[in-house]
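**Student:**
There are 2 protein chains.
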Amino acid sequence: MLVVQKYGGSSVATLERIRHCAARCLATAAQGHRLVVVVSAMAGETNRLIALANALVQPGDAPQASRGPYVAPAKRTPEHERELDQLVATGEGQSAALLAMAIQDAGGRALSLVGAQLGLLTDRSHGRARILGIDAARMQRELDDGAIVVCAGFQGTDDRGDVTTLGRGGSDTSAVALAAALRADVCEILTDVDGVYTTDPRVVPTARKIDRLSFEEMLELAGQGAKVLQIRSVELAMRHGVCLHVRTSFDDRPGTMIVPEEPQMESVQVSGVALERNEGKITLTGVPDVPGVVATIFRIMAELGIVVDMIIQNTGAGGRTDVTFTVPEAELDRAAAALAGQTMGGEVPSLSTDREICKISIVGLGMRTHAGVAAKAFALLAAESINVQMVSTSEIKISVVVHERYGELALRVLHDGFGLGVAP
Amino acid sequence: MLVVQKYGGSSVATLERIRHCAARCLATAAQGHRLVVVVSAMAGETNRLIALANALVQPGDAPQASRGPYVAPAKRTPEHERELDQLVATGEGQSAALLAMAIQDAGGRALSLVGAQLGLLTDRSHGRARILGIDAARMQRELDDGAIVVCAGFQGTDDRGDVTTLGRGGSDTSAVALAAALRADVCEILTDVDGVYTTDPRVVPTARKIDRLSFEEMLELAGQGAKVLQIRSVELAMRHGVCLHVRTSFDDRPGTMIVPEEPQMESVQVSGVALERNEGKITLTGVPDVPGVVATIFRIMAELGIVVDMIIQNTGAGGRTDVTFTVPEAELDRAAAALAGQTMGGEVPSLSTDREICKISIVGLGMRTHAGVAAKAFALLAAESINVQMVSTSEIKISVVVHERYGELALRVLHDGFGLGVAP
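So the sequences go chain by chain: A and B. Position one of the first sequence corresponds to residue 969 (the numbering used here), numbered consecutively onward. Position one of the second sequence corresponds to residue 969 (the numbering used here), numbered consecutively onward.
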């Protein structure tokens, strides 16, 4: 088999853990598998480099540690973003070289590939580059030569040879893209949890590890608050039919396989439930119900780069409508400020916000064929007197917004009510 | 003019110093010059990375900080050396990106180039790569585009695209090689001293900064213990006729220009004197004076990779000869162990070592035409009752070995005796 293994930052955080990863790589190779490894930077290194860059250009300001908007907007020139990518990509280069050395030291053959050596061609969007193609010739040659190939994750190069980074969760994306290009049999995501759970085990003690899940279900769960995998890497895996295996790097137990849909999967009504706490709700009341007005609201949000999640529109009496939608909680104030006082259809609707909400999503392929999942969900919530504020549904998902004080209760009620806590 | 400026690790050791370098780069550009900058890693970073690598492969051992033999010989496989190069080269990549950002932040245009982006092609000798050629197309394009090009020093790539490093002082070598390829008007080496001195000012208080020096003199001084410039970068500059300017990065005063020989240079008899403390002496007594025997000694040294500096052979009575030579003090025991008990010409000569020696070298183009420099030197030393143990001469250099307790005295006597302490 050809196996791609991805180790996250916590798995390579110390030299001792790097040695542990090396042993695991060699154990995989000893089973006769060919192995490509993708590594993140040692935990903390990326943030250290970003803090250096921020302190450099904004002396005196507190360094922002979160990747995303690296620095204040005024500094985010394309030239600055290019340098930031050149800078932060060194973090993965270091962990890749160290892991390759550790494998060598344990008696294996290994080499690290970084930047242009990877053959991972992207567009020029620094900090959030899209993968355009992969030239796997070098990698293939080294594999044929018997080496374990250790790739720096999170990075590629553009058509000029400049280093680009893939954005948050980029190492997962690197791993899946390489697995697709090499036609790997499996892409293992090694992490500090042992798989994908029916829900968050910290909230629901009866949560159970899922053995097998379809891409579609994983996409919905990832999009609804399950943090194990970035949605982008799941999309990429689905598009290329790359089987993912999410498992712990601390022992050999199998984790969760994420695979193309299989016929028997629909026999399970619901696969998992997820809780998303970080949303806020905006309600515009008395919006004139004329064409184009609601579109204006969402054009304004798009211009601010704010992602709107759930939307509900109630057409009321007198040619007026109420519009309610949710946005990330961190963007709530900015979104409200942009809409407040806006004239729509000749009038200024009244605006209210609510950050004391949370969203619970029920995901399962079985919903397609099993009627009554929604009805059962509402019944379960009603039995606990939990009021549902908003509802949205897709083919394999139902999401409900409730007051945040009921979030954990709702999650437990739905999880156990759909029988997720018992082994199937 | 096209100017290449090289900033050492101490000049980019902190964010504040990086901002200072950025200001200096912009001042140079504001004078209408096109500018290529070469940077070392932030002081301490290279050693930090090497220590990480050593601790990884030799857990429990004290990390060796000195670059050179990175790790214990058993670990120095070609594969390990490759990874070490991939690892340590990230240090210069980080400082290059940070300096480019600092220039941008101060209002300039800049971009960093690392690894394959540099177009600096080397052979595959990791840790001590030789430069084979430079493809300056990208650099030229960026210069034409008005940018200050910030290059990661110390590194290149081989024909496979693998990162190589140039060995100790490699950033100086990078700077000179780029200056040669770009036909730069001058290559400025910005450092924490303000030029090349007639001798070590810490030992001889009357030492004076030299304004202008020939390549040949600088080569001899560098080879004899003056630490300002690595001999390899001076050789490269001489071969390509690249004018070097060694100056401080802390202010704007001119430093020392190192240039092709000029006619008036020979009017100065002696340009500088240097003290080398880190040599040791081996004497083999009673070596049979038959052809090939002495060659055996130096073949053994060559096989161990030990560089022999001064050699003296006295043919004595009875077909026997004494051979005395110096090696780096750190290699003295290894050299002696390899020779001890060796049969030479059918006999085992007796061996003695002496580490309490030092070497003083007098360098000057004027020696070629001014007879009597050697005679004057010996008279100056004799007047202080300093015994000369070994002598070796080249066209523009005289070196003498004396007991190490007289080293500093000898240096002062020769320096002031040749009038170096007074402005010419």
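Virtual Cβ for every residue (Gly too), placed ideally from N, Cα, C.
For I1325(A), collect the residues of the same chain with a Cβ closer than 6 angstroms to its Cβ; drop the 5 residues on either side in sequence, then sort them by chain order.
**Tutor:** Same-chain partners within the cutoff: K1249, V1369 and E1372.
**Student:** Tell me the residue span of the alpha helix (DSSP H) that contains A998(A).
**Tutor:** Unbroken alpha helix (DSSP H) run through A998(A): L983 to A998.
**Student:** Under 9 angstroms, Cβ to Cβ, is there at least one residue of chain B near H1404(A)?
**Tutor:** The displayed coordinates of chain A run from 969 to 1392. Any statement about residue 1404(A) would go beyond what the structure contains.
**Student:** Suppose the cutoff is 8 angstroms on Cβ atoms and the five residues either side in sequence are ignored; what does the same chain contact list for A1306(B) look like?
**Tutor:** So the qualifying residues of the chain are I1268, M1269 and L1272.
**Student:** Show which residues of chain A have a CB atom less than 9 angstroms away from the CB atom of L1020(B).
**Tutor:** Under the 9 angstroms cutoff, chain A gives L983, Q1062 and L1066.
**Student:** On the DSSP bridge assignment, give the partners of R1288(B) in chain order.
**Tutor:** Answer is P1256(B), bridged to R1288(B).
**Student:** Taking C-beta pairs closer than 7 angstroms, name the residues in chain B that S1080(A) reaches, listed in chain order.
**Tutor:** Here the neighbours are E1051 and Q1054.
**Student:** Which value, in whole angstroms, describes the spacing of the CA atoms of I1274(B) and I1280(B)?
**Tutor:** If I take the Cα positions, the gap works out to 17 angstroms.
**Student:** In chain order, what residues of the same chain lie with their CB nearer than 8 angstroms to the CB of D1112(B), ignoring the 5 residues before and after it?
**Tutor:** So no residue of the chain qualifies.
**Student:** Going by CA-CA distance only, name the one from G1059(B), A1064(B) and S1063(B) that's closest to Q1062(A).
**Tutor:** Cα-wise, what sits closest to Q1062(A) is G1059(B).
**Student:** Given 8 angstroms as the limit, is there contact between the segment 1092-1102 of chain A and the segment 1143-1163 of chain B, that is, 3 or more CB pairs closer than that?
**Tutor:** No, the segment 1092-1102 of chain A does not touch the segment 1143-1163 of chain B.
**Student:** In chain A, which residues lie with their C-beta within 7 angstroms of the C-beta of T1058(B)?
**Tutor:** Result: T1058, G1061 and Q1062.
**Student:** Quick one: list the residues of chain A neighbouring V1025(B), beta-carbon separation under 7 angstroms, in chain order.
**Tutor:** Within chain A, the residues near V1025(B) are M1069 and D1073.
**Student:** Using C-beta distances below 7 angstroms, list every residue in its chain close to E1184(B), excluding the 5 sequence neighbours before and after it, in chain order.
**Tutor:** Answer for E1184(B): E1229, L1333 and I1364, listed in chain order.
**Student:** Jot down the residue ranges of each uninterrupted beta strand (DSSP E) in the segment 1120-1163 of chain A, minimum 3 residues, whole runs only, in chain order.
**Tutor:** Here the runs fully enclosed are 1123-1125, 1131-1133 and 1154-1159.
**Student:** If you reduce the DSSP assignment to three classes, tell me which class P1296(A) lands in.
**Tutor:** The answer is strand: DSSP assigns P1296(A) an E or B state.
**Student:** Tell me, which residues are paired with T1216(B) by DSSP?
**Tutor:** For T1216(B), which the question treats as bridged, DSSP gives the partners T1159(B).
**Student:** Name the one or two DSSP bridge partners that M1278(B) has.
**Tutor:** Bridge partners of M1278(B): none, in fact.
**Student:** Would you say L1134(B) reaches chain A, if we count a Cβ-Cβ gap shorter than 9 angstroms as a contact?
**Tutor:** Chain A, which has no Cβ nearer than 9 angstroms to the Cβ of L1134(B), makes this no.
**Student:** Helix, strand or coil: which one does DSSP assign to V1171(B)?
**Tutor:** In the structure shown, V1171(B) sits in coil (DSSP, three-state: anything other than H, G, I, E or B).
**Student:** Chain B beta carbons: is any one of them nearer than 9 angstroms to that of T1045(A)?
**Tutor:** So, interface residue.
**Student:** Taking contact to mean at least 3 C-beta pairs separated by less than 8 angstroms, is the segment 1283-1302 of chain B in contact with the segment 1239-1254 of chain B?
**Tutor:** Counting Cβ pairs under 8 angstroms, three or more are found: they touch.
**Student:** Do T1167(A) and A1242(A) count as a contact pair if the criterion is CB distance below 9 angstroms?
**Tutor:** Yes, these two residues count as a Cβ contact at 9 angstroms.
**Student:** Compute the Euclidean distance between the alpha carbons of V1210(B) and D1322(B), then round it to the nearest angstrom.
**Tutor:** Cα to Cα, the separation comes out at about 40 angstroms.
**Student:** Under 8 angstroms, with one C-beta from each stretch per pair, do the segment 1150-1167 of chain A and the segment 969-981 of chain A reach the 3-pair mark?
**Tutor:** Judged by Cβ distances under 8 angstroms, the segment 1150-1167 of chain A makes contact with the segment 969-981 of chain A, as three or more pairs qualify.
**Student:** Relative to the alpha-carbon of S1093(A), which residue among L1066(A), D1130(A), A990(A) and A1065(A) has its alpha-carbon at the smallest distance?
**Tutor:** Closest option to S1093(A), Cα to Cα, is D1130(A).
**Student:** Verify the CB distance criterion: does R1106(B) have a CB-CB separation below 9 angstroms to chain A?
**Tutor:** Judged by the 9 angstroms Cβ criterion, R1106(B) is in contact with chain A.
**Student:** Judging by CA-CA distance, which residue of A1009(A), A1345(A), G1012(A) and A991(A) is the nearest neighbour of L1003(A)?
**Tutor:** Measuring from the Cα of L1003(A), the nearest candidate turns out to be A991(A).
**Student:** Exposed or buried, what is T1283(A) when buried is set at 16 or more other beta-carbons lying within 10 Å of its beta-carbon?
**Tutor:** Flag for T1283(A) reads exposed.
**Student:** Looking at chain A, is there any beta carbon in it that lies within less than 9 angstroms of the beta carbon of L1017(B)?
**Tutor:** So, interface residue.
**Student:** Nearest CA to the CA of L1089(B): which residue from D1127(B), T1289(B) and S1320(B)?
**Tutor:** Comparing Cα positions, the closest option is D1127(B).
**Student:** Going by DSSP in three states, K974(B) sits in which element: helix, strand or coil?
**Tutor:** Three-state result, K974(B): strand.
**Student:** Chain B partners of G1129(A), CB-CB under 8 angstroms?
**Tutor:** The contacting residues are A1084, Q1085 and R1106.
**Student:** Measuring straight from C-alpha to C-alpha, what distance separates P1317(A) and S1329(A)?
**Tutor:** Between P1317(A) and S1329(A), the C-alpha separation is close to 30 angstroms.
**Student:** For S1239(A), is the classification buried or exposed, using 16 other Cβ atoms within 10 angstroms of its Cβ as the cut-off for buried?
**Tutor:** Looking at its Cβ environment, which holds 16 or more other Cβ atoms inside 10 Å, S1239(A) is buried.
**Student:** Indicate whether at least one CB of chain B lies closer than 9 angstroms to the CB of R1098(A).
**Tutor:** R1098(A) does not count as touching chain B.
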